[in-house]
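What follows is a set of notes on a single structure, which appears directly below.
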Amino acid sequence: KQTNGHEPEFIQAVQEVAEAVIPYIEGKEKYNGTKILERMVEPERVIMFRVSWIDDKGETQVNRGYRIEMNSAIGPYKGGLRFHPSVNLSILKFLAFEQVFKNSLTTLPMGGGKGGSDFNPKGKSDIEIMRFCQAFMSELFRHIGPNTDVPAGDIGVGGREIGYMFGMYKKLRNEFTGVLTGKGITWGGSLIRPEATGYGNVYFAHSMLKTQGTSFEGKTVVVSGSGNVAQYAVEKATELGGKVVTMSDSSGYIHDTDGIDADKLAFVMEIKNVNRGRISEYVDKYTSATYHEGERPWNVTCDIALPCATQNELNGDEAKALVTNGCMCVSEGANMPSTPEAIEVFHAKKILFAPGKASNAGGVATSGLEMTQNSLRYNWTREEVDAKLKQIMIDIHEACEKYGTDKDGYIDYVKGANIAGFVKVADAMIAQGVV
Ligand code: NDP
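The sequence shown maps to residues 13 to 447 in the UniProt record's numbering.
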């Protein structure tokens, strides 16, 4: 805390892991004197750099770029790039730290990293986005590579941005390699990658519901966010028989009591992905829905909640409202959307609660499958990738169950995910010596 006192999100993420891992390693001889947790909280490398570029008015703009190379014990650094004005060292260190455990849970050989910039993509022209991405990559390229560090997308970085960055990397290095994931399908991408985080979250929730002998069928579902993760969580939850009644963005949420079906979701995708507009436009077309400016959807009655927007978007009071209204399952699509107070509420009421590092790991797992396909120079079918994704989510659920089941049978997925993720990385670090 002394050295990272100015990094609240990072401390929050470390605290959650420490609370699970310290009791686990205490008294275990193989961890004695290894300072293993102290080593894991220190990034292997932090890269910060200037990104200067020229906007459409001909003015020079300056942003800060980052890449946190957190841990490479079990594979090359792997994790997304976030472009959002809120990006800072604390947020990226928290994300990189979480990524280490998440990637370990996927069962694939990937270390953990994260990066991005305080660049705000909102309101920028396509050409400005391209110039920024090229400027960003003109520095990042010297630090990454298919066997070193393989970035992907995150908030503000989707297929378009990955394309511009891949183009620049290829030009600078003069080689076509799987250095980024989330690529277009004709130039090295994997089928199902865009869907994977949202689908994976619903697959994970499905496994949780199964432990209670139930499913999505006939359940009311509240989703936050309307970006990549939210869109495909809505699609899969609906496919499995759930009725999704909300979506949101940073301005507010829409509530559609009839449910957001496939046609309505297609309209949301058009608003967000094509026109880059606001979720409020939904009610212009579907007048039965209501728009709630400046609010989050957690007061809406539901059985299942899928927070898919951003960190700390669901606080203790909102958690209480969810539980009081009958919510029995919360599965995080975003990274750390629930505050520690919210998690306390879910645990106290013993409802099903999955932390993002377990339930949203399907995205990076499919990125891992993209890396494998790139190395093989071969593409699997949609069905093959989806089947592998499903199996990975089942395996992650099993690992959480193994390490997280309390004496009374309640599965503490936070504890389970943290310990399961930790063991593999810690053991690899110890085997590789103090370096
Ligand atoms: P997108 O940029 O596609 O969408 C983000 C969504 O969250 C948008 O609806 C956005 O609204 C909303 N949002 C962003 N910041 C805030 C905020 N401060 N307050 C309220 N709403 C906000 O990102 P993704 O869908 O890719 O990512 C969403 C979450 O999922 C993040 O936590 C990310 O780290 C996590 N994640 C993503 C993975 C992936 O594969 N994409 C993998 C694993 C985790 P607006 O349009 O107004 O900005």
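Backbone N, C-alpha and C fix where the C-beta goes; we use that ideal spot for every residue, glycine too.
Exposed unless 16 or more other CB atoms sit within 10 angstroms - verdict on residue 367: buried
Runs of alpha helix (DSSP H) lying entirely within the stretch 228 to 312, each at least 4 residues, in chain order: 240 to 251, 274 to 281 and 294 to 297
Residue 372 classed as buried or exposed, judged by whether at least 16 other C-beta atoms fall within 10 angstroms: buried
Residue 224 CB to nearest heavy atom of the ligand NDP below 7 Å: no
Local conformation of residue 115 per DSSP, three classes: helix
Cβ-Cβ distance between residue 374 and residue 209 below 8 Å: With a cutoff of 8 Å on beta-carbon distance, residue 374 and residue 209 are scored as near each other.
The ligand NDP heavy atom lying under 7 Å from the CB of residue 347: yes
Between the CA atoms of residue 83 and residue 56 - distance to the nearest angstrom: 6 Å
Local conformation of residue 430 per DSSP, three classes: helix
Euclidean distance between Cα positions of residue 304 and residue 158: 44 Å
Selected residue, minimal CA-CA separation from residue 62, among 68, 71 and 79: 79
Sufficient close CB pairs (3 or more, under 8 Å) joining the stretch 229 to 249 to the stretch 335 to 353: yes
Same chain only: Cβ atoms within 7 Å of residue 152, ignoring 5 sequence neighbours per side: 77 and 79
C-alpha distance - residue 100 paired with residue 21, whole-angstrom precision: 10 Å
Spatial neighbours of residue 68 in its chain, beta-carbon cut-off 8 Å, leaving aside the 5 residues before and after: 137, 139 and 140
Inter-stretch contact at 8 Å, needing at least 3 Cβ pairs: the stretch 144 to 151 / the stretch 169 to 185: yes
CA-to-CA distance, residue 391 to residue 318, given in whole angstroms: 31 Å
Residue range of the unbroken beta strand (DSSP E) whose run includes residue 125: 124 to 129
Bridge partner(s) assigned by DSSP for residue 417: Partner(s): 423.
Status (buried if at least 16 other CB within 10 Å, exposed otherwise) for residue 81: buried
Under the three-state DSSP convention, the category residue 331 falls into: helix
Through-space distance from residue 354 to residue 325, alpha-carbon basis: 10 Å
Opening and closing residue of the alpha helix (DSSP H) in which residue 8 lies: Because the chain here runs from 13 to 447, residue 8 falls outside it and cannot be looked at.
C-alpha distance - residue 183 paired with residue 435, whole-angstrom precision: Cα to Cα, the separation comes out at about 40 Å.
Residue 34 Cβ short of 7 Å to the ligand NDP heavy atom set: Checking the Cβ of residue 34 against the ligand NDP gives no.
Secondary structure of residue 436, DSSP reduced to three states: helix
Limits of the unbroken alpha helix (DSSP H) element including residue 214: 205 to 223
Three-way DSSP call (helix, strand, coil) for residue 158 in this model: coil
Spatially closest choice to residue 267 from 443, 418, 298 and 415, by CA coordinates: 298
Among 281, 155 and 51, nearest to residue 192 - alpha-carbon criterion: 155
Per-residue DSSP class, three states only, for residue 86: coil
Alpha carbon of residue 221 to alpha carbon of residue 396, nearest angstrom: 25 Å
Length of the line joining the Cα atoms of residue 87 and residue 293: 43 Å
Same chain, Cβ closer than 8 Å to residue 440, five either side skipped, listed in chain order: If the five residues before and after residue 440 are omitted, its C-beta is found closer than 8 Å to the C-beta atoms of 85 and 86, all from its own chain and listed in chain order.
Through-space distance from residue 232 to residue 287, alpha-carbon basis: 29 Å
Opening and closing residue of the alpha helix (DSSP H) in which residue 354 lies: 352 to 360
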